[in-house]
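J.: What follows is a structure written as C-alpha cells; I'll ask about it next.
In our numbering, the protein residues as written are 265 to 710.
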C-alpha cells in the first residue's frame, strides 16, 4: 500500500480534490453567500463546483489505470502467481481511499468554516457528505477500469471531457422555474446540483438514498471491471451498477418539489411570544420579536387581524410566490435584501407592507402596481409614505413615484373609516392574489 501511495496518482488525486474543490467554491461564493450560516447548506453548495472536481478525478483515475499498458508489463503480471485482483485491489484502495479521505476533509473543512463563523451546525450535513465521498470514490474505480480496458492516448481527455459534459448537462436539467416542473431522474445520478441561495433547504431523503445506492453499485461495478480478465466476467461486472440504477431510479423523485425539502434541523421554529424564526436565524429573534409585537399592534385595527409572525421556511420559496395566511404574517427570508440586514425601522415597514401580506409576484420578477400597493399600505400604518427596501425600483422611478403619490393623496382624502376599509379590502385581495391593478384601484379610490 505504501508503494502504491508513492508511485500512483493517489496523493495527486487527493490534492486535486482539496485544491480544486476549495478554489472553485471560492470563485462561485459571493460576499453575502448564505451557505456560510448552515453546515447543511455549505455541503449543498459544494455540489456546484464538484462538477469540475469530478471530471479531474476521473481523468486522473483513467490515466492511472493505463499504467500497466504504458509500462508494457501487462503480460508479465498476468504470468505471476500472485492473483491480479490483489495487486489491482491494492491500487484501487490506494487511489479511491485517498480521494475519499480528501473529499471527507473538504466537507469537514466547510463544516468547520461554518462553525468558526458562528453559523448553525447540525447532523443534516452527514448524508450530503456521504454522497460526495461515495460519488468521487466510485468514479475513481470506474476511471481505473476504463483506463485499464481502453489504454489509448485519447482515453484520458475523452473521459475528462465526457464527465464534465455529463455533469453540466445534469446540472442544467435540474434548473427549473417552477416547483412542479418535471425533471429527468437520470440527472440525479450525478453528484452535481446548482442549489438555491438559501440556508434553509437540503436534499430529500429519497434523493440521498437513491444517490447512495447508485454510487455504491457503480463503485462495485468499477472494481469488478478493473480486476476482471475474461469477457464473461466483465459482463457480469455490470450487474451491480444495473441493479443499483434500477433501484435508484425507482426511489428518485420526478418533480423538483420533491428534490429539495426544508432542513429539519435548521428550519425548526424558535419562538419568542407570537414571533417565530428558524433556528438558523435565531440570533435575530430578539430584534425581530420587538419589531413584530409593534407590527401586530398596528395591524390589530384590521378585521380578522393576524396574531402571529413566522418565518417562511418553505423549501420552494425561491420558485413560488411568498407564503401568506390570514392569521399569520409570514416573514420572507429568501429574497433580497435580507430581512436580517435591515434596520428595525425598515423591517417594521416591510412587515406592515400589504397590511401584513407579502406580494404575489413570483421571485426575480417585479410588478410596479403591486409595489405601489405595498408602499401605500405601509404608508397607511406608518402615517406617511416612505421607501421600502424591497421596492426601491418603484420608489426610485420619478414616473412611478408620481403615481404612488397621486394614489396616496386619493387614499388620504377619504374618511378615516373608509381608508381602513379600503386597506382591509386590499389585504383580502392580496391574500387570494387577485389582479394587482384591481387591488391598486381599491386603494386609489378609483
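We put the CB at the ideal spot given by N, CA and C, even for glycine.
How do the stretch 479-491 and the stretch 430-444 stand: do at least 3 beta-carbon pairs fall below 8 Å, yes or no?
T.: The answer is no - the stretch 430-444 does not touch the stretch 479-491, with fewer than three Cβ pairs under 8 Å.
J.: Between which two residues does the beta strand (DSSP E) holding residue 574 run?
T.: Element bounds for residue 574: 572-575.
J.: Quick one: Cα of residue 340 to Cα of residue 358, how far?
T.: The pLDDT assigned to residue 340 is 48, lower than 50, so where the model puts this residue is not dependable; a value taken from the coordinates is nonetheless given after this. About 22 Å.
J.: Quick check: the Cα distance between residue 305 and residue 585, rounded to an integer number of angstroms?
T.: Spanning the two alpha carbons is a distance of roughly 22 Å.
J.: By how many angstroms is the C-alpha of residue 278 removed from the C-alpha of residue 419?
T.: Cα-Cα distance, rounded: 21 Å.
J.: Could you tell me the alpha carbon to alpha carbon distance between residue 550 and residue 391, rounded to whole angstroms?
T.: One C-alpha to the other measures close to 32 Å.
J.: Along the beta strand (DSSP E) that carries residue 536, what are the first and last residues, could you check?
T.: Run containing residue 536: 533-536, per the beta strand (DSSP E) assignment.
J.: Curious, which full-length alpha helix (DSSP H) runs of at least 4 residues does the stretch 445-509 contain?
T.: Here the runs fully enclosed are 469-491.
J.: Taking 7 Å as the limit between beta carbons, can you name the residues of its chain near residue 634, skipping five residues before and five after?
T.: Answer for residue 634: 623, 624, 625 and 700, listed in chain order.
J.: Below 8 Å, can you find three or more Cβ-Cβ pairs linking the stretch 299-318 to the stretch 383-403?
T.: The stretch 299-318, when compared against the stretch 383-403, does touch it at the 8 Å Cβ threshold.
J.: Following the continuous alpha helix (DSSP H) through residue 657, name the residue where it begins and the one where it ends.
T.: Residues 656-660.
J.: Can you tell which of 397, 529, 447 and 537 has its C-alpha closest to the C-alpha of residue 478?
T.: Comparing Cα positions, the closest option is 397.
J.: Let me check you understand the geometry: is the CB of residue 520 closer than 7 Å to at least one non-hydrogen atom of the ligand SAM?
T.: Among the components modelled here there is no ligand, and therefore nothing to report on the ligand SAM.
J.: Looking at the structure shown, is residue 371 part of a helix, part of a strand, or coil, going by DSSP?
T.: Looking at residue 371 - three-state DSSP - the assignment turns out to be helix.
J.: Among 421, 658 and 407, whose alpha-carbon lies nearest the alpha-carbon of residue 629?
T.: The shortest Cα separation from residue 629 among 421, 658 and 407 belongs to 658.
J.: List the DSSP bridge partners of residue 519.
T.: Paired residue(s): 446.
J.: For residue 453, which option in 447, 462, 574 and 475 has the closest C-alpha, if you only look at C-alpha atoms?
T.: Answer by Cα proximity: 475.
J.: Evaluate the contact criterion for the stretch 312-332 versus the stretch 423-430: three or more CB pairs, one atom per stretch, below 8 Å.
T.: The stretch 312-332, when compared against the stretch 423-430, does touch it at the 8 Å Cβ threshold.
J.: Where does residue 384 fall in DSSP's three states?
T.: DSSP places residue 384 in strand when its eight states are reduced to three.
J.: What does DSSP give as the partner residue(s) for residue 359 in the beta ladder?
T.: BP columns for residue 359 are empty, so no partner.
J.: Looking at residue 515: is its Cβ nearer than 8 Å to the Cβ of residue 470?
T.: Yes. Within cutoff.
J.: Quick one: give me the first and last residue of the alpha helix (DSSP H) that residue 433 is part of.
T.: Element bounds for residue 433: 419-437.
J.: May I ask you to verify whether the stretch 533-546 touches the stretch 655-670, counting CB pairs closer than 8 Å and requiring at least 3?
T.: Counting Cβ pairs under 8 Å, fewer than three are found: no touch.
J.: Reducing DSSP to helix, strand and coil, say where residue 650 ends up.
T.: Residue 650: coil per DSSP, three-state reduction.
J.: Between which two residues does the beta strand (DSSP E) carrying residue 594 extend?
T.: From DSSP, the beta strand (DSSP E) with residue 594 extends over 592-595.
J.: Keeping to the same chain, check which residues put their C-beta closer than 8 Å to that of residue 509; ignore five residues upstream and five downstream.
T.: Excluding positions up to five away in sequence, the list reads 453, 478 and 481.
J.: Measure the alpha-carbon distance for residue 528 versus residue 312 and round it to whole angstroms.
T.: The alpha-carbon atoms of residue 528 and residue 312 are separated by roughly 22 Å.
J.: Exposed or buried, residue 267, counting other C-beta atoms within 10 Å across all chains shown (16 or more means buried)?
T.: Residue 267 comes out exposed.
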